[in-house]
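Under the UniProt record's numbering, think of the first position of the sequence shown as 1, with each following residue one higher.
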Amino acid sequence: MAGGLNVTYADMHDAAGKLSGYEQQTQDTLKQAQALVQNLIHSGFVTDSASKAFDDAYSRFTSSAQQLMASMNDMGSYLNSAAQTMQETDQKLAQGLGG
């Protein structure tokens with residue numbers, strides 16, 4: 001039979017943890033960037049129209065980035081859930097054979 005299944009539960013949990021860590025790092029960076037932009041449009045880049053348009057564009061970017069981070073967190077949750085489910089299934093199959 002070609003293919004099959006090869007699962008390392010620890011690797012899946014590790015990857016899930018890393019995705020969560022990346023999400024937090026990205027949140028932190030996004031907050032720093034937001035502070036930078038807010039400071040800029042209030043003191044270093046103040047115009048009648050362009051600075052407001054820049055702020056609006058950055059707000060849209062922030063919203064998209066937050067959606068991306070939520071998806072990254074969902075992927076990590078999926079990996080944790082999949083690893084747990086596969087491990088439990090493996091144990092139940094072994095128990096079914098008296099193992």
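We treat Cβ as the ideally placed atom computed from N, Cα and C, and that holds for glycine.
When secondary structure is reduced to three states using DSSP, residue 6 falls in the coil class, being assigned neither helix nor strand.
With fewer than 16 other beta carbons inside 10 angstroms of its own, residue 88 counts as exposed. Below 8 Å, enough C-beta pairs join the stretch 12 to 19 and the stretch 80 to 87 to call them touching: three or more. By alpha-carbon distance to residue 38, the top candidate from 26, 23, 22 and 57 is 57. By alpha-carbon distance to residue 32, the top candidate from 62, 93 and 97 is 62. When DSSP states are grouped into helix, strand and coil, residue 98 belongs to the coil group. Between the alpha carbons of residue 67 and residue 96 lies a distance of about 43 Å. Here the alpha carbons of residue 7 and residue 29 stand approximately 33 Å from one another.
The C-beta distance from residue 5 to residue 75 rounds to 20 Å, too long to fall under 8 Å, and the pair is not in contact.
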